[in-house]
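A short worksheet on the structure shown next.
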Amino acid sequence: MNIANYLYLSALLFTIGSIGVVLRRNSIVVFMCIELMLNAANLAFVTFSRINGNLDGQVVAFFTMVVAACEVVVGLAIIVTIFRSRRSASVDDASLLNR
Amino acid sequence: MLTTPSFEYLLLSPMLIILAAAVIGVLAEAFLDRNHLPVIQLFISVGAILLALIQIYRIKSSSSTSAAIGSVVIDKATIYLQGTILIIGLLALLLISDQEQFVAQASAIPGSREEQESTSKGSIQTEIYPLLSFALAGMMLFTCASDLITLFVALEVFSLPLYLLAGLSRRRRLLSQEAALKYFLLGAYSSAFFLFGAAFLYGISGSVYLVDISSAVSGGYGNDVFVLIGLIFISVGLLFKISAVPFHAWTPDVYQGAPTSVTAFMAAATKVAAFGAILRIFYVVFSPIANQWRPIISVIAIITMVFGSAVAIAQRDVKRMLAYSSIAHAGFILTAVLALNKSGLSAALFYLTTYGLSTLAAFGIITLIRDATGEVTDLNKWAGLGKKSPLIAGSFAFLLLSFAGIPLTSGFIGKFAIFSAAYETGNIAVVVFGVLSSALAAFFYIRVILLMFVAQSQNDSISIAIPSVKSRIAIGATTAATVILGLFPSLLLNITQSFSIFIK
Amino acid sequence: MSILTVMMLICVIGAGMLFFIPTAKTVLVKQISLAISILVALIGIYLVGSLDKTQSGMQFVEIRNWIPTFGINYSVGVDGISAVLILMSVLLVPIVLLATWNESENGRWSVRTFQILVLILEVFMIGVFAATDLFLFYVFFEAMLIPVYFLIAGYGSGERAAAAVKFLLYSLFGGLLMLAAIIGTYVIAGNQIGKTFDIEKLSTLQIDQTTQNLLFLGFFLAFAIKAPLWPFHTWLPDAARSATTGTSVLLVGVLDKVGTYGMIKFCLKLFPEASRYFTPWIIGLALVSIIYGAIVAIGQKDIRGLIAFTSISHFGFITMGIFAMTTQGMSGANLYMFNHAFSTAALFLIAGWMIARRKSANIADFGGLQRVTPVMAWSFFIAGLSSLALPGLASFVSEFLVLVGTFTRYPVAAVIGTIGIILAALYILIPVQRALHGQTLKSNENLSDLDIRERVAIAPVILLIILLGLFPKPILDLINPAAKTVITSNGFSDPVSKVKK
Chain A
1 MNIANYLYLS
11 ALLFTIGSIG
21 VVLRRNSIVV
31 FMCIELMLNA
41 ANLAFVTFSR
51 INGNLDGQVV
61 AFFTMVVAAC
71 EVVVGLAIIV
81 TIFRSRRSAS
91 VDDASLLNR
Chain B
1001 MLTTPSFEYL
1011 LLSPMLIILA
1021 AAVIGVLAEA
1031 FLDRNHLPVI
1041 QLFISVGAIL
1051 LALIQIYRIK
1061 SSSSTSAAIG
1071 SVVIDKATIY
1081 LQGTILIIGL
1091 LALLLISDQE
1101 QFVAQASAIP
1111 GSREEQESTS
1121 KGSIQTEIYP
1131 LLSFALAGMM
1141 LFTCASDLIT
1151 LFVALEVFSL
1161 PLYLLAGLSR
1171 RRRLLSQEAA
1181 LKYFLLGAYS
1191 SAFFLFGAAF
1201 LYGISGSVYL
1211 VDISSAVSGG
1221 YGNDVFVLIG
1231 LIFISVGLLF
1241 KISAVPFHAW
1251 TPDVYQGAPT
1261 SVTAFMAAAT
1271 KVAAFGAILR
1281 IFYVVFSPIA
1291 NQWRPIISVI
1301 AIITMVFGSA
1311 VAIAQRDVKR
1321 MLAYSSIAHA
1331 GFILTAVLAL
1341 NKSGLSAALF
1351 YLTTYGLSTL
1361 AAFGIITLIR
1371 DATGEVTDLN
1381 KWAGLGKKSP
1391 LIAGSFAFLL
1401 LSFAGIPLTS
1411 GFIGKFAIFS
1421 AAYETGNIAV
1431 VVFGVLSSAL
1441 AAFFYIRVIL
1451 LMFVAQSQND
1461 SISIAIPSVK
1471 SRIAIGATTA
1481 ATVILGLFPS
1491 LLLNITQSFS
1501 IFIK
Chain C
2001 MSILTVMMLI
2011 CVIGAGMLFF
2021 IPTAKTVLVK
2031 QISLAISILV
2041 ALIGIYLVGS
2051 LDKTQSGMQF
2061 VEIRNWIPTF
2071 GINYSVGVDG
2081 ISAVLILMSV
2091 LLVPIVLLAT
2101 WNESENGRWS
2111 VRTFQILVLI
2121 LEVFMIGVFA
2131 ATDLFLFYVF
2141 FEAMLIPVYF
2151 LIAGYGSGER
2161 AAAAVKFLLY
2171 SLFGGLLMLA
2181 AIIGTYVIAG
2191 NQIGKTFDIE
2201 KLSTLQIDQT
2211 TQNLLFLGFF
2221 LAFAIKAPLW
2231 PFHTWLPDAA
2241 RSATTGTSVL
2251 LVGVLDKVGT
2261 YGMIKFCLKL
2271 FPEASRYFTP
2281 WIIGLALVSI
2291 IYGAIVAIGQ
2301 KDIRGLIAFT
2311 SISHFGFITM
2321 GIFAMTTQGM
2331 SGANLYMFNH
2341 AFSTAALFLI
2351 AGWMIARRKS
2361 ANIADFGGLQ
2371 RVTPVMAWSF
2381 FIAGLSSLAL
2391 PGLASFVSEF
2401 LVLVGTFTRY
2411 PVAAVIGTIG
2421 IILAALYILI
2431 PVQRALHGQT
2441 LKSNENLSDL
2451 DIRERVAIAP
2461 VILLIILLGL
2471 FPKPILDLIN
2481 PAAKTVITSN
2491 GFSDPVSKVK
2501 K
């Protein structure tokens, strides 16, 4: 199987994720789309690691996972505080700043 | 036989000290008595920054080298940028330590009884100190990172604490939390772009080190489309951090919603760190293919300058106005990136320092203008401020003049240095647009000055808080720096000249 | 240390001293600033007196490193042209301070602030004429705007805030265009002779015609806005109407001269070929200014607006004299700058007193002042006659020189310019006739004449106008060598008279 297909898949996932961020309204879903983008990047890294024949790309993938985990912690903390304040996680409701 | 990698601890020590302070801060948070925590935390943070500054001073003349197995590069420019970040951090810390802008208990629901109780008890979220230290360490690492992993990790290490800090305002908490949410979502979005770009750069070079990527890019082998994808996506991630148009959408909201002293820190220090990385990446990695990205970045610089200046005119909130002004300034500094020569780098270093200090001073002054409900950022209510406190209003007016780039202020020398560097490399269109948008920008700065000094005040509800000693030091020092560096810019220019060296 | 630096330092120290005097002691504050400005004026007279007239180069030179990284120096020095303009500035300041003794009291801020602003402005005025470093000149050029802005916005009347903003934005816009041109010149210098802002060195650059034209335009626009030349003049009448009398005098008398001075010192010197290229256009603009200013002045109801528009007409003459590129035209233009300052100052000051007494700026509200307040009326009359260039009064000599100098090269322009003189007779004589002569209006019956202070302030101005009309030689002797150098060193030459052939 052509290894370039993995890159196409990665690009597809990244596109889906980035479109999702723009279109979806629930902040949790938006956040999940971002995670999808990070994982698309991870896939690209691993594919390139295979193409280049060294392990650096896979190491990056591990780092990304750790960083993504940290991001989840911070992100969920912020989303939950907002949710507790206004009982909604929609980004449209968070519009006090758009006066 | 494996050899132990050498780690050059001395060169890394400024960052390690700050990181250690952050970790100790977290431990102190867990184990020490709540009543003493504010003092202890402040002491830890300030002490660590001072120590780190001493270390910076000690390594300032050491020859440029890579450290930590090639993951970071400690060259002259890095040392300068790290020093600048630390100084900005120290001054911002003095502002931040005036606790009353921060929420008493971040987890309490706004308007709840729990919140009222913790406020009346006077409890304090001392976690801001370790968060600030983490952010500082991340920023320092960001300026010297020389492989993709370190770059990405540093980016996140300084961004994550800032997301949290943005949501901790005591007054108008919903606004603040929304700002944090926006900042977080858009920030994470942009770092995904950064990472995706990094993947392609790794793809064409087979290495995560910037040196190898640079030679792969200049060698021309590999796939040109991949180079472009990598270049563009990485640029998006970085341009987001400096809030260049069209990646600026978060800036006004976050600047407005975050506690003002945090805004001051963000505006000043993030710019230094992000531009440090941008300068390194464009000067070191992408300079061989400058013909490909120069047109794009030129257009972005022009749009950023003009848009930032034009939209600022319509703002009624002083923090939003400064946010748009910071967008415009990002455009000016991008001009220096275009220059791609030593004078451009030196000009950018000078500009970053002076702009950072003036911005700190401006936001510091905003924290002092209050009424019964807290800070007043509505520009209409600033009318007649000149009568109430000529000194404060005069200082603010002077800072605005510096932002506008009127001669005898540090802002003017910075603009001059940047524009002449850009002109040298033939970017005349950018210079002309830059100059014109300066005129545009001057319009709204002058409008604010007019408002403070000439307009009649409609109400007398605003008052000027007596600044604490710490704020007084921070505002005084930064304003004085703006004055002194305007009159005697050589003091700093000589330093930036000798420190404007990037190594690969 | 150069005497020029000393003059600036005295003003700075004076302003610093005032800062430490309590706001309430207004009289003391005024006395101190008056004393300082008189001291500086005396030094200025000494400066001009001790200038070596046989020498055409810079004198009283001082050069210090300021920003070595960019090759920027603090360098000052004067030749005949700039010395005369400095003399003009330092003479006007004490006259203004004395003449408008009480004006600063109705401002938004304290009297002390007013005096400090005036003294700081004086520093910049001396500096802008003395600077021999392009960067230093630009710094003074722009910095000057700030005190003037506050003087208009804080102490003026009517739409003062709007007028101040308009003034500042026009000037800033021009200034920033000039900054772009300065950067361009600097970069070219960096490529050819090394980083420098020294005007003498910059004038040796070899710049190709297209670049030179663009850079020239950058400079010229800034100066044309400053001067002001039609169609960039609209800020001036507004500013003159809203500012206090004293500010108007300094604005029109000194600040606007920076524009014409800059044309001589920078446009001609740095870009001679471009200057030659644009000369026909600029002469055209100057002519439009002369005629337009005069015609609009005739229609003015506000007496300050009238004076402002006459100035626009006069600046047309000055610009025409400069770009005629003849020695006579150049000398005439320089002398015109000096004379215009005093005749306009007299007009503005007396108009200010008239307005303060009558509480109206409308020309129609005056009438028969000659009978009620003879001293005031006569002073205004003399100043007005000087403004229309009556022979025997100051402006005549300079206007004559400008027209003769222009005629030798552009006869048509000179003839059209003469129409300006005829219109001048109209715009001065009609209001003089209405305000001073004729029936004394009832409302003007008990206006008081000038008091001792006002007479002391206006006397030297009137005296200068008459003396310079009869004996212009001392000033011309100062100007001529420098004017000749400007013409010859830039490769221009006086056209050979056709009669001789």
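Chains as they are written, first to last, in this note's numbering: chain A, 1 to 99; chain B, 1001 to 1504; chain C, 2001 to 2501.
The beta carbon of each residue, even a glycine, is placed where N, CA and C say it ideally should be.
- For C:R2434, the three-state secondary structure derived from DSSP is helix.
- Under DSSP, C:Y2074 forms a beta bridge with C:R2064.
- For C:F2173, the nearest CB of chain B lies under 8 Å from its own CB, placing it at the interface with that chain.
- Note on geometry: alpha-carbon atoms of C:I2475 and C:S2157 lie some 36 Å from one another.
- At a cut-off of 8 Å between beta-carbon atoms, B:A1312 makes no contact with chain A.
- With a cutoff of 8 Å on beta-carbon distance, B:I1044 and B:G1025 are scored as near each other.
- A:N26 sits in a strand when the DSSP states are folded into three classes.
- Contact annotation for C:P2431 against chain B: no contact, minimum CB-CB distance about 32 Å [criterion: below 9 Å].
- With a cutoff of 8 Å on beta-carbon distance, B:F1193 and B:G1237 are scored as near each other.
- Against A:A41, the close residues of chain B are A1192, L1195, F1196, A1198, A1199, in the order they occur along the chain (beta-carbon pairs closer than 8 Å).
- Within the model, the alpha-carbon separation for C:R2357 versus C:T2113 is close to 25 Å.
- Contact between the segment 2406-2423 of chain C and the segment 2275-2294 of chain C is present: three or more C-beta pairs spanning the two stretches fall below 8 Å.
- As computed with DSSP, B:S1169 is found in a beta bridge with B:F1102.
- Of the residues assessed, C:K2442 falls on the exposed side of the cut-off, its CB having fewer than 16 other CB atoms within 10 angstroms.
- Taking 7 Å as the upper bound on Cβ-Cβ separation, chain B lies near residues V60, F63, T64, V67, C70, E71, V74, G75 of the segment 60-75 of chain A.
- Cβ contact annotation for C:G2262 (same chain, cutoff 6 Å, sequence separation greater than five): F2223, in chain order.
- Put simply, of C:M2320, C:D2451, C:P2431 the residue whose alpha carbon is nearest the alpha carbon of C:V2412 is C:M2320.
- For A:A44, the nearest beta carbon of chain B is closer than 8 Å to its own beta carbon.
- Between B:G1414 and B:Y1324, the gap from beta carbon to beta carbon reaches 8 Å or more.
- Distances from the alpha-carbon of B:A1421 to those of B:G1364, B:S1438, B:F1350 put B:F1350 closest.
- Taking a C-beta distance under 8 Å as the contact criterion, B:L1451 and B:G1276 do not qualify as a contact pair.
- Chain order gives the chain B residues near C:E2142 as I1406, P1407, where near means a beta carbon separation below 7 Å.
- Assignment of C:G2044 by DSSP, reduced to helix, strand and coil, places it in the helix class.
- Across the structure, B:L1151 and A:T15 are spaced so that their CA atoms are roughly 23 Å apart.
- Using a 10 angstroms sphere on the CB of C:W2281, the tally of other CB atoms stays under 16, which defines it as exposed.
- The beta-carbon of B:L1160 is placed less than 8 Å from the nearest beta-carbon of chain A.
- Going by beta carbons, B:P1161 and B:L1141 fall outside the 8 Å limit.
- Residue burial is scored here from C-beta neighbours: C:M2001 has fewer than 16 other C-beta atoms within 10 angstroms and is therefore classed as exposed.
- Sequence-distant partners of B:L1195 (beyond 5 residues in either direction) whose C-beta falls short of 7 Å from its own C-beta, in its chain, are F1152.
- In the three-state reduction of the DSSP assignment, B:Q1055 falls in the helix class.
- Collapsing the DSSP output to three states places B:V1469 in a helix.
- Ranked by how close their Cα comes to the Cα of B:Q1101, the residues B:Q1041, B:Q1497, B:R1170, B:R1294 have B:R1170 in first place.
- Under the 8 Å criterion on CB atoms, B:A1188 is classed as interfacial with respect to chain A.
- Interface residue (Cβ-Cβ distance to chain B less than 8 Å): A:R50 is not classified as such.
- With its beta carbon less than 8 Å from one in chain A, B:V1153 belongs to the interface.
- B:P1288 is outside the set of residues whose beta carbon lies under 8 Å from a beta carbon in chain C.
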